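Okay, so the sequence shown: first residue is 895 according to the numbering used here, each after it adds one.
Here's the structure, in structure tokens; my notes come after.
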Amino acid sequence: MYKKIGIVGDKDSILPFMALGLEVVAVTNEMEARIGIDRLAKEAYPVIFVTEPVAQMVPETIKRYDNVAIPGIILIPSNQGTLGIGKERIRENVEKAVGQNIL
Numbered sequence: 895m896y897k898k899i900g901i902v903g904d905k906d907s908i909l910p911f912m913a914l915g916l917e918v919v920a921v922t923n924e925m926e927a928r929i930g931i932d933r934l935a936k937e938a939y940p941v942i943f944v945t946e947p948v949a950q951m952v953p954e955t956i957k958r959y960d961n962v963a964i965p966g967i968i969l970i971p972s973n974q975g976t977l978g979i980g981k982e983r984i985r986e987n988v989e990k991a992v993g994q995n996i997l
């Protein structure tokens, strides 16, 4: 069965992902970001990539999906580079799962 993957971010950062068949949601503000993430989650996208700048705009929306299995929210750098938020989030999740920082 085909699983859908979505990505939410600024237009310049996410448009190349269209070629890979991802559902692309371009946003310019906090309201659009919140609506886009919630829509993809409601439509049962198991994986949603969110650019780090967008994640900074809507931390409460990202946090709402932290304790559910689906969707998995993965933070990725924008076309401007990384803010380190995604890497820190992975480190925290690994530490929570393993009991110590192994990264």
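Ideal Cβ positions, reconstructed from N, Cα and C, are used throughout, including at glycine.
Please read all numbers here as calculations on a predicted model, not as lab measurements.
M925 has its alpha-carbon roughly 12 Å from the corresponding atom of G903. Counting of Cβ neighbours within 10 angstroms places E986 among the exposed residues, the total staying below 16. Contact between E946 and I979 is confirmed by a C-beta separation of about 5 Å, below the 8 Å threshold. Listed in chain order, the alpha helix (DSSP H) runs fully inside the stretch 912–980 are 924–936, 946–951 and 953–958, counting runs of at least 4 residues. Counted as a single uninterrupted DSSP element, the beta strand (DSSP E) harbouring G900 occupies residues I899 to G903.
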